[in-house]
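Have a look at the structure below before the remarks.
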Amino acid sequence: MSIDLWISIALAIPLAIVANLFTPKLQKWLDARLERSKNEKIEKKEAARKLQLEGLKKDLLEVTKYHDNKAELNQLFLVSLIKVAMYGAIGTIYGAIFPFMGELTSWDGVGGVVGRTGAQITALAVSMLIFMTCAQTMRMHKKVRDYEEYEKTTKLLIDELEGKSV
Numbered sequence: 002m003s004i005d006l007w008i009s010i011a012l013a014i015p016l017a018i019v020a021n022l023f024t025p026k027l028q029k030w031l032d033a034r035l036e037r038s039k040n041e042k043i044e045k046k047e048a049a050r051k052l053q054l055e056g057l058k059k060d061l062l063e064v065t066k067y068h069d070n071k072a073e074l075n076q077l078f079l080v081s082l083i084k085v086a087m088y089g090a091i092g093t094i095y096g097a098i099f100p101f102m103g104e105l106t107s108w109d110g111v112g113g114v115v116g117r118t119g120a121q122i123t124a125l126a127v128s129m130l131i132f133m134t135c136a137q138t139m140r141m142h143k144k145v146r147d148y149e150e151y152e153k154t155t156k157l158l159i160d161e162l163e164g165k166s167v
């Protein structure tokens, strides 16, 4: 028999003993880590569920308020129109300032870049504000218009999130 075989046998026995001693500790550490990770995921899901539940309840109250009081709904529409007009006016003011800066610098250098970029960013930002305002108002109008269906669906979701059997 060669020396390599005797060295392998001599090393295999202590390594097997060390492996048998440390395997349960390693297994416990891995299990604890897995359990912590699982608990963190459960807590995150629970927090998200609570947040969704609160949002649904708040939205249902708001939609019910507008459904029950059409004057409030008309106020919402009026405020949305005023916001759109205000955003348009602010956009026009700032949209005029940036090209003016560009004209002062003959559209050369930093002034031209600021004028062109500022006008484009202003147009984009104002368009997005107007779009978001109109989209929110239209979503609310649809919920109020189709209130019975919205209420039924939302209450089912709330019951499900609260853990009630439907």
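Convert by adding 1 to the 1-based position in the sequence shown; the result is the number in the working numbering. Note that the Cβ used here is the ideal one computed from N, Cα and C, for glycine as well. Model, not experiment: these values are computed from the prediction.
Inter-residue spacing [alpha-carbon to alpha-carbon] between residue i and residue j
| i | j | result |
| --- | --- | --- |
| Gln76 | Leu62 | 17 Å |
| Asp147 | Asp109 | 55 Å |
| Ile8 | Glu36 | 41 Å |
| Thr155 | Arg140 | 15 Å |
| Gly96 | Thr106 | 16 Å |
| Ile91 | Ala136 | 20 Å |
| Val145 | Arg34 | 49 Å |
| Glu149 | His68 | 10 Å |
| Leu22 | Ala11 | 18 Å |
| Lys29 | Glu47 | 27 Å |
Cβ shell of residue i (< 8 Å), same chain only, five flanking positions each side left out
| i | result |
| --- | --- |
| Leu158 | Leu57 |
| Met102 | Gly112, Val115, Gly116, Gly119 |
| Gln53 | Leu162 |
Beta-carbon proximity of residue i to residue j, cut-off 8 Å
| i | j | result |
| --- | --- | --- |
| Gly89 | Val127 | yes |
| Thr138 | Phe99 | no |
| Lys84 | Thr134 | yes |
| Glu55 | Lys66 | no |
| Val64 | Tyr151 | yes |
Residue i, buried or exposed, once every other Cβ within 10 Å from all chains shown has been counted against 16
| i | result |
| --- | --- |
| Leu31 | exposed |
| Val19 | exposed |
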